[in-house]
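Here UniProt numbering is used: the first residue of the sequence shown is 1, the next is one more, and so on. Before any comments, here is the structure.
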Amino acid sequence: MPESKSRNKKKATPKTEKSEAKVGLPGEATNPRWLAPVMLGLMILGLVWIVTFYLTSSDLGLPIPQLGQWNLAVGFGLIIVGFGLTTRWK
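Structure below.
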């Protein structure tokens, strides 16, 4: 009975150590350090802006009295920009 040809096996190469700076899967991008603080800061600032406007609307109209009801738009705008930054989260 004829013998089958032996297969050429690849020699095992030692794996190189990866640096600890790279965390995650290969090709996976990481978040910039500024993203989370800015994102949360904008959403919290928008919330504080709206709450301040509602609490002082009858007396002073703070945070900016000249804007009047547009203070709500500023507060919601800050919140929307904060939520827009969440789309960059990886």
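Glycine included, every Cβ here is placed at the ideal spot set by N, Cα and C. Since the model is a prediction, treat every value here as computed from it, not as a measurement.
Simplified DSSP state of residue i, which is helix, strand or coil
{"i": "ALA36", "result": "helix"}
{"i": "THR13", "result": "coil"}
{"i": "ARG7", "result": "coil"}
{"i": "THR30", "result": "coil"}
{"i": "PRO63", "result": "coil"}
{"i": "MET1", "result": "coil"}
{"i": "TRP89", "result": "coil"}
Proximal residues to residue i (C-beta, below 8 Å), its chain only, five neighbours per side dropped
{"i": "LEU35", "result": "LEU85, ARG88, TRP89"}
{"i": "SER6", "result": "none"}
Cut-off 6 Å between Cβ atoms - residues of its own chain near residue i, not counting five sequence neighbours on either side
{"i": "ILE79", "result": "MET43, GLY46"}
Host alpha helix (DSSP H) of residue i (start-end)
{"i": "ILE79", "result": "70 to 85"}
Residue i burial status per 10 Å Cβ neighbour count (16 or more: buried)
{"i": "GLY68", "result": "exposed"}
{"i": "ILE64", "result": "exposed"}
{"i": "TRP70", "result": "exposed"}
7 Å Cβ shell around residue i - same chain, five flanking residues per side excluded
{"i": "MET39", "result": "GLY82, LEU85, THR86"}
Given residue i as reference, the closest of the options once Cα atoms are compared
{"i": "TRP49", "options": "LEU60, GLU28, SER6, LEU72", "result": "LEU72"}
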